[in-house]
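Numbering (our numbering), first residue to last: 13 to 463.
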């Protein structure tokens, strides 16, 4: 990351003066599918110059080579007729490998962080924002809980940079099978939330209009924590995938014959797992209230913002009044919701009367990288780290979260067993490089400072 950046430039003679755009010159950090998709959409008048920066490594080398072959064009394709107007290509003004030299070449005004949230701190430090005087807005595409405060804690103290958190990335995008400069978006989210570190932020209004232009509802909430708490994975991934049944599948290197969203014994969903899910939601809700943020109605969030079921399965009254119901009845309704999604309730039956097997999502299991080092998939490693941050913050704020604590202990115990079994030398360093304690301290200190 410290070497001179590699830059591809269209050339000053080819660059046209454009009218000011909402985001100005925009730099996207990360060269993954999400960054390419976002860059192509920003090229529709939302940004002026577009640049992508990726850390040094094999991916950057390949991306660099493919850009050269394509005359620096990146392409985003979308599934379905309804989204075809969003398919397109754009020619990048800059591509950087590494973090040096970017402030000289770009005069960047907006930065989109399109990397995994556990790298935000490292990225912000590497960017040397004290030397990038034109940056006024940083947008976090897929933040963790507390990511906005964590990023803020690394900003120059004499700058008033607006940091905006989305609840989640607004699409599901993968690389094309033949190229990493072309991506394919299978679906767009129904709705996302956005929260700014600035009161009366003009940038969040631009972001709201940008996302809405893609056909995705965007709701601006009171603060970044509120936005970051509106990610469905925060509530459902820990109970579904940090349990003995799921970890037995995930920590086994052989292909699993079980499925992530099926009822026991085909999958992890049982009344006990649903009880843990409800308990975790209640704990997070208490914690959010202590942070002066609005908790969610879990069932309504699942149904209205993610994937609905028929009213014959869950009535509108039960969905809208979920928070007020008896805890046992709440858990019954959550179980009904997952049972109703074993098949896609809005698919059409085939000739045999069968519907699309919506819940047949296979587990991703532990794997070895090119060097033979073992890795745990992001589900549930990322979910464990996110839960650990929330739990650590709750401890500092004197909010009890015993269910979250039990999930964390279970994951750590099974991870330790796996490491002992394989041997520390055979484990990828990312599995053992836990910086959550430092992040918790930084987030809490920043939260205390601004409140």
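Glycine included, each C-beta is placed from N, C-alpha and C at the ideal position. In this text the structure is predicted, and so the values were computed from the model without any measurement.
- Residue 185 places its beta carbon 8 Å or farther from that of residue 204.
- Within the stretch 66-101, the runs of alpha helix (DSSP H) at least 4 residues long that lie entirely inside it are, in chain order, 70-81.
- Beta-bridge partners of residue 291 (DSSP): none assigned.
- With distances taken between CA atoms, residue 226 lies nearest to 90 out of 79, 90, 390.
- DSSP, reduced to helix, strand and coil, places residue 186 within a strand of the structure shown.
- Excluding sequence positions up to five before and after residue 136, its CB lies within less than 6 Å of the CB of 163, 166, all in the same chain and listed in chain order.
- The beta carbon of residue 207 lies closer than 6 Å to those of 177, 233, 235, 236, 238, 239 in the same chain, with the five residues before and after it left out.
- In the DSSP secondary-structure assignment, residue 208 is bridged to 176.
- Judged by DSSP in its simplified three-state form, residue 164 adopts helix.
- In the DSSP assignment, residue 199 falls within the beta strand (DSSP E) that extends over 194-200.
- The shortest CA-to-CA distance from residue 287 to any of 419, 218, 361 is the one to 419.
- Residue 153 sits in coil when the DSSP states are folded into three classes, being neither helix nor strand.
- Membership of residue 231 in the beta strand (DSSP E) is indicated by the continuous run 229-232.
- Counting every other CB atom within 10 Å of its CB across the protein chains shown gives residue 35 a total of 16 or more, marking it as buried.
- Put simply, the backbone Cα of residue 38 is about 15 Å away from that of residue 111.
- By the criterion of at least three beta-carbon pairs nearer than 8 Å, the stretch 294-314 is in contact with the stretch 404-411.
- Look at the stretch 225-291 and you find these whole runs of alpha helix (DSSP H), each 4 residues long or longer: 236-240, 244-253, 256-262.
- The continuous stretches of alpha helix (DSSP H) do not include residue 107, which lies in the beta strand (DSSP E) extending over residues 106-109.
- Here residue 151 is buried. Its C-beta has 16 or more other C-beta atoms within 10 Å.
- Residue range 448-462 is occupied by the alpha helix (DSSP H) that includes residue 452.
- A contact is defined here as three or more CB-CB pairs under 8 Å, and the stretch 261-270 fails this definition with respect to the stretch 354-370.
- Taken through DSSP and simplified to helix, strand or coil, residue 119 comes out as coil.
- For residue 388, there is no enclosing alpha helix (DSSP H), since its DSSP letter is neither H nor E.
- Across the set 155, 304, 193, 302, the C-alpha of 155 shows the shortest separation from the C-alpha of residue 243.
- Contact holds between the stretch 445-455 and the stretch 393-401, because three or more Cβ pairs, one in each stretch, are under 8 Å apart.
- Contact between residue 158 and residue 455 holds, with the beta-carbon distance rounding to 4 Å and staying under 8 Å.
- In the displayed model, residue 132 falls within a helix according to three-state DSSP.
- For residue 340, the enclosing alpha helix (DSSP H) covers residues 339-352.
- A direct Cα-to-Cα measurement between residue 98 and residue 224 gives close to 13 Å.
- Straight-line measurement puts the Cα of residue 84 at about 8 Å from the Cα of residue 105.
- Looking at the backbone, the Cα of residue 160 and that of residue 362 are separated by about 47 Å.
- At the C-beta level, residue 69 and residue 88 stay beyond 8 Å of one another.
- Rounded to the nearest whole angstrom, the C-alpha separation of residue 332 and residue 350 is 17 Å.
- For the pair residue 146 and residue 119, the CB atoms are nearer than the 8 Å cut-off.
- Cβ contact annotation for residue 142 (same chain, cutoff 6 Å, sequence separation greater than five): 168, in chain order.
- For residue 338 and residue 328, the gap between their C-alpha atoms comes out near 17 Å.
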